[in-house]
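According to the numbering used here, the sequence shown holds residues 27 to 718 in order.
Glycine included, each C-beta is placed from N, C-alpha and C at the ideal position.
None of these values were measured; they are calculated from a predicted model.
Worksheet: one structure, shown below.
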Amino acid sequence: YAMRLLRLDPETTAKKCARVVGDVIGKYHPHGDTAVYDALVRLAQDFAQRYPLIDGQGNFGNIDGDNAAAMRYTECRLTEAAALLLDGLDEDAVDFRATYDGEEEEPVVLPAGFPNLLANGSSGIAVGMATSIPPHNAAELIDACLLLLDRPAASTADLVALAPGPDFPTGGVIVEPAASLLEIYETGRGGVRIRARWSEEDLGRGVYRIVVTEIPYQVKKADLIEQLAGLIENKKAPLLGDVRDESAEDVRIILEPKSRNIPAEVLMESLFRLSALESRFPVNMNVLGGDGAPGVMGLKALLKAFLDHRREVLVSRARFRLGKIEQRLHILDGMLIAYLNLDEVIRIVRYEDEPKAKLIAAFALSDIQADAILNTRLRQLAKLEEMELRREHAELTEERDGLNAMLSSEKQQWKLVGVGLREVRKVLGPDTAVGKRRSTFAEAPAVDTASAVEAMVTREPITVILSERGWIRAAKGRVEDPSELKFKEGDKLGFLVPAETTDKLMIFASDGRFFTLPCDKLPSARGHGEPLRLMLDLDDKVGLVDVFAHKPGRKRVLASKAGYGFVLPEAEAVAMRRAGKQVLNGEAAFCLEADGDHLAVVGDNGKVLIFALEELPEMPRGKGVKLQAYREGGLRDGLAFKAEDGCAWIDNAGRTRAWPEWKAWLGRRAGSGKLAPRGFPASKRFRPKSPA
Numbered sequence: 027y028a029m030r031l032l033r034l035d036p037e038t039t040a041k042k043c044a045r046v047v048g049d050v051i052g053k054y055h056p057h058g059d060t061a062v063y064d065a066l067v068r069l070a071q072d073f074a075q076r077y078p079l080i081d082g083q084g085n086f087g088n089i090d091g092d093n094a095a096a097m098r099y100t101e102c103r104l105t106e107a108a109a110l111l112l113d114g115l116d117e118d119a120v121d122f123r124a125t126y127d128g129e130e131e132e133p134v135v136l137p138a139g140f141p142n143l144l145a146n147g148s149s150g151i152a153v154g155m156a157t158s159i160p161p162h163n164a165a166e167l168i169d170a171c172l173l174l175l176d177r178p179a180a181s182t183a184d185l186v187a188l189a190p191g192p193d194f195p196t197g198g199v200i201v202e203p204a205a206s207l208l209e210i211y212e213t214g215r216g217g218v219r220i221r222a223r224w225s226e227e228d229l230g231r232g233v234y235r236i237v238v239t240e241i242p243y244q245v246k247k248a249d250l251i252e253q254l255a256g257l258i259e260n261k262k263a264p265l266l267g268d269v270r271d272e273s274a275e276d277v278r279i280i281l282e283p284k285s286r287n288i289p290a291e292v293l294m295e296s297l298f299r300l301s302a303l304e305s306r307f308p309v310n311m312n313v314l315g316g317d318g319a320p321g322v323m324g325l326k327a328l329l330k331a332f333l334d335h336r337r338e339v340l341v342s343r344a345r346f347r348l349g350k351i352e353q354r355l356h357i358l359d360g361m362l363i364a365y366l367n368l369d370e371v372i373r374i375v376r377y378e379d380e381p382k383a384k385l386i387a388a389f390a391l392s393d394i395q396a397d398a399i400l401n402t403r404l405r406q407l408a409k410l411e412e413m414e415l416r417r418e419h420a421e422l423t424e425e426r427d428g429l430n431a432m433l434s435s436e437k438q439q440w441k442l443v444g445v446g447l448r449e450v451r452k453v454l455g456p457d458t459a460v461g462k463r464r465s466t467f468a469e470a471p472a473v474d475t476a477s478a479v480e481a482m483v484t485r486e487p488i489t490v491i492l493s494e495r496g497w498i499r500a501a502k503g504r505v506e507d508p509s510e511l512k513f514k515e516g517d518k519l520g521f522l523v524p525a526e527t528t529d530k531l532m533i534f535a536s537d538g539r540f541f542t543l544p545c546d547k548l549p550s551a552r553g554h555g556e557p558l559r560l561m562l563d564l565d566d567k568v569g570l571v572d573v574f575a576h577k578p579g580r581k582r583v584l585a586s587k588a589g590y591g592f593v594l595p596e597a598e599a600v601a602m603r604r605a606g607k608q609v610l611n612g613e614a615a616f617c618l619e620a621d622g623d624h625l626a627v628v629g630d631n632g633k634v635l636i637f638a639l640e641e642l643p644e645m646p647r648g649k650g651v652k653l654q655a656y657r658e659g660g661l662r663d664g665l666a667f668k669a670e671d672g673c674a675w676i677d678n679a680g681r682t683r684a685w686p687e688w689k690a691w692l693g694r695r696a697g698s699g700k701l702a703p704r705g706f707p708a709s710k711r712f713r714p715k716s717p718a
């Protein structure tokens, strides 16, 4: 608005940004000049705004995240899109209010020839509220508005058929499913996944490279390249060999594969998961409605609010024009009276001392009409001028009647709203430079990146060393003598797991969660390793129950201290997430391999119960069924074994003790069992809690 008053229209010469910032903070918004200039710069950046409202001249920053030049160097003026937003301010299209100091006036809202809130989007946090609206294609929004005008009962699905999703300034490929996008536009909440646009460039002899030409919205190119380089340096992107920035005016990022045998789709899918080449734009369409109350709106409600606003603008402009016509017709009526009595008017003007009063008295004129007659030049008394006035009077009368008819017909008002939107669409349509859709839609391909990544890892034997205090490391080969391992002062060995670099390390926590770490990413055993809690979301109060290398197809028995358990297919517990995967409900007692046909359990009360393993259900997660009944205490330990091999335990000295009479403890699941046999460890465990 300040730029409009400075007459910085699209066709005029630009002025220094400092001049604009000065006017804004002096007249309308007493804020810091940096904040105002930052807002001005953002409105001029074509990678930040889908439809820039300011035409900036000079250095206005770039997609790398570099800052704009100081405001004393840069210049600006309004764009065609901004002119569409401001059109009608001279015609009382919207209400005005006093500025902060009461010396000026400013519009409460803008006439808005197109739905700018949806077209350019908005994000930010107000007092206790947040909003996040993605940018959209203005032509598609106008098409949806025209559909609503034609069919007010149209569903959100009908509107989404015309405006299928966001249209980001930086382009990219939207991989959010259509059903998810429809839900977002129905509820006003959700998230949109957007990926970089890439192509495969053939270099001959089976060699290729990836060229990225568009990156996700609000991702800084320099930060993205730094992130990709960091993935290579830290060996977290084993399929990526090199990254280079060859960008000039456009975006051109070169990605070199580690091997030409890696399919381009597999390489990119792995990078989408690891880097900002894929990002998620949160959607929370929290806006102020027409009544000024905040609320989350869907697409239909937002477009309806915009159309209601456009109708109000149309009516306000019509009333303003009607007032101007009435004023002009009033003057023309007086002028025509003068022409009908021209000789008498000339006599009064020539001979009377107070011609104005005489004219008013003689012809029943108003002050305004009398002034208009007295201000008429002699040359305008010609017959031709009279005919011109009569023609103007007839045209204005016809226009007045048309405006009155429109103001009394809601149907005609909505029709004219549609006409106005079609005119705007010509300026912002898909055949214009700014109106062509930039973001496209695609389905994310189902690619097995894990197999490709594993194929790049050299298979070598390692030993995973996890201390009692949670420091983890991986030593090459096998550790023959654990007593030679060094630990921090006050720490000691917790778990010793033989594995291979291609394995996944499974960690079962006492709160029932499973965590998964790739063995090739574990810190080396040169030092004391790294704290496990920096790699995983593990609370200090949560202990570790078991650590082992994952074996596909294997099953395990999980049990809680409350005495409940079930059989778990091990693959169901794999989760490459920091937060892990909740599998067992309750505090965990043990996690052991389901290697056998019977399960022996022992409680805190020293009673042992043996039952067939087939009595346990196989589940992917949950509480399970009761294993053993207790009056007090809970489950202490368990052991799976084959009946043909017999049952045994290991004493504190490490000796295996056979238990030939184990069948005397055989019963049904959920029984209480019998006291353990003589010689059973006082720890009430089938084997000591020691590194394995």
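- Residue 283: member of the beta strand (DSSP E) spanning 279-283, first to last residue.
- Nearest Cα to residue 348 within the set 433, 293, 485 and 328: 433.
- In the structure shown, residue 79 adopts coil according to DSSP, grouped into three states.
- As summarised for the stretch 290-369, the continuous alpha helix (DSSP H) elements at least 4 residues long and confined to that stretch are 290-300 and 325-366, given in chain order.
- For residue 634, no alpha helix (DSSP H) segment is defined; the enclosing uninterrupted segment is the beta strand (DSSP E) at 633-638.
- In the DSSP annotation of this structure, the continuous segment of the beta strand (DSSP E) that includes residue 532 starts and ends at 530-535.
- Here residue 644 carries a strand assignment [DSSP, helix/strand/coil].
- Check the Cα spacing between residue 495 and each of 519, 508 and 463: the tightest is with 519.
- Per DSSP, residue 140 is not a residue of any alpha helix (DSSP H), being assigned neither H nor E.
- Note: residue 654 is not bridge-paired with any residue in the DSSP secondary-structure output.
- For residue 60, the uninterrupted alpha helix (DSSP H) segment begins and ends at 59-70.
- Looking only at 613, 522, 325 and 671, the smallest Cα-Cα distance to residue 650 is reached by 613.
- The stretch 190-204 makes contact with the stretch 148-167; the number of CB pairs closer than 8 Å reaches 3 or more.
- Straight through space, the alpha carbons of residue 429 and residue 359 are spaced by roughly 20 Å.
- Residue 313 and residue 133 have their C-alpha atoms roughly 19 Å apart.
- Note on residue 686: under 16 other CB atoms within 10 angstroms of its CB, so exposed under the neighbour-count rule.
- Collapsing the DSSP output to three states places residue 708 in coil.
- By the C-beta criterion, the stretch 206-218 is judged to be in contact with the stretch 310-329, since at least 3 inter-stretch pairs fall below 8 Å.
- With a cutoff of 8 Å on beta-carbon distance, residue 663 and residue 592 are scored as not near each other.
- Under the DSSP assignment, residue 440 falls outside any beta strand (DSSP E), being part of the alpha helix (DSSP H) whose first and last residues are 436-454.
- Around the beta-carbon of residue 33, fewer than 16 other beta-carbon atoms lie within 10 Å, marking it exposed.
- Taking a C-beta distance under 8 Å as the contact criterion, residue 559 and residue 607 do not qualify as a contact pair.
- Nearest in C-alpha terms to residue 125, of all of 52, 181, 104 and 78, is 52.
- Taking 3 residues as the minimum length, the beta strand (DSSP E) runs contained wholly in the stretch 454-526 are 487-493, 497-502 and 519-526, in order along the chain.
- In the structure shown, residue 127 falls within a coil segment according to DSSP collapsed to helix, strand and coil.
- In the DSSP assignment, residue 388 falls within the unbroken alpha helix (DSSP H) covering 381-389.
- About 4 Å separates the beta carbons of residue 49 and residue 28, which is inside the 8 Å limit, making them a contact pair.
- A residue is called buried when at least 16 other Cβ atoms come within 10 angstroms of its Cβ; residue 243 meets this threshold and is buried.
- Boundaries of the alpha helix (DSSP H) harbouring residue 173: 164-176, taken from the DSSP string.
- Beta-bridge analysis with DSSP links residue 624 to 638 and 667.
- Beta-bridge partners assigned by DSSP to residue 159: 148.
- Listed in chain order, the non-local C-beta contacts of residue 255 below 8 Å within the same chain comprise 269, local neighbours out to five positions each way being set aside.
- Between residue 625 and residue 565, the alpha-carbon positions lie close to 31 Å from each other.
- Between residue 154 and residue 319, the alpha-carbon positions lie close to 14 Å from each other.
- The way I'd put it, the stretch 594-611 doesn't touch the stretch 653-667; fewer than three beta-carbon pairs between them come closer than 8 Å.
- Between residue 336 and residue 443, the gap from beta carbon to beta carbon is short of 8 Å.
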